[in-house]
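**Student:** Residue numbers (my numbering): 33 to 167.
#1: Here's the rule I'm using: 16 or more other beta-carbon atoms within 10 Å means buried, otherwise exposed. How should residue 71 be labelled?
#2: What's the call for residue 121, buried or exposed, on a 16-neighbour Cβ count within 10 Å?
#3: Short of 7 Å in beta carbon distance, which residues of its chain neighbour residue 119, apart from the five on each side in sequence? Order them along the chain.
#4: Got a sec? Which residues, its chain only, sit under 7 Å from residue 58 by beta carbon, not counting five neighbours each side?
#5: Out of 56, 123, 65, which one is the CA nearest neighbour of residue 77?
#6: Taking the alpha carbon of residue 98 as the point to measure from, which residue in 86, 84, 116, 85 has its own alpha carbon closest?
#7: Please report the residue range of the beta strand (DSSP E) in which residue 110 lies.
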């Protein structure tokens with residue numbers, strides 16, 4: 033009795049392109065200067081493990097930001113910063129500005145609620161439309 037093998041020799045079935053183990057050119061050398069490490073065929077990077085983190089941190093580190101003078105939006109004090117988004121000279125001014133914005137928003141909401149209540153009273157006193165009544 034003979035056994036006939038059909039299909040693939042992989043016992044788990046066909047392997048899709050996405051699940052295939054990728055390999056890269058053999059004999060590649062780390063791109064870091066003064067490094068002669070031969071990279072694995074399974075390493076997609078152009079750097080060895082030792083120099084990969086150094087290369088990544090070098091890419092993140094850019095030219096230093098220019099120092100500029102900015103006036104604090106809260107107190108008006110002039111201060112120097114390299115951060116383009118900085119608006120306040122200290123945490124104290126930053127928190128005071130937040131509190132001022134929060135108070136203004138609460139006042140605006142209060143005025144809006146009073147105006148709505150007044151409008152409802154005026155409409156009810158006209159006799160044309162009653163608040164809460166079934167039409």
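We treat Cβ as the ideally placed atom computed from N, Cα and C, and that holds for glycine.
These numbers were taken from a predicted model, which means no experiment stands behind them.
**Tutor:** This is what the structure gives:
#1: buried
#2: buried
#3: 105
#4: 73
#5: 56
#6: 116
#7: 110–113
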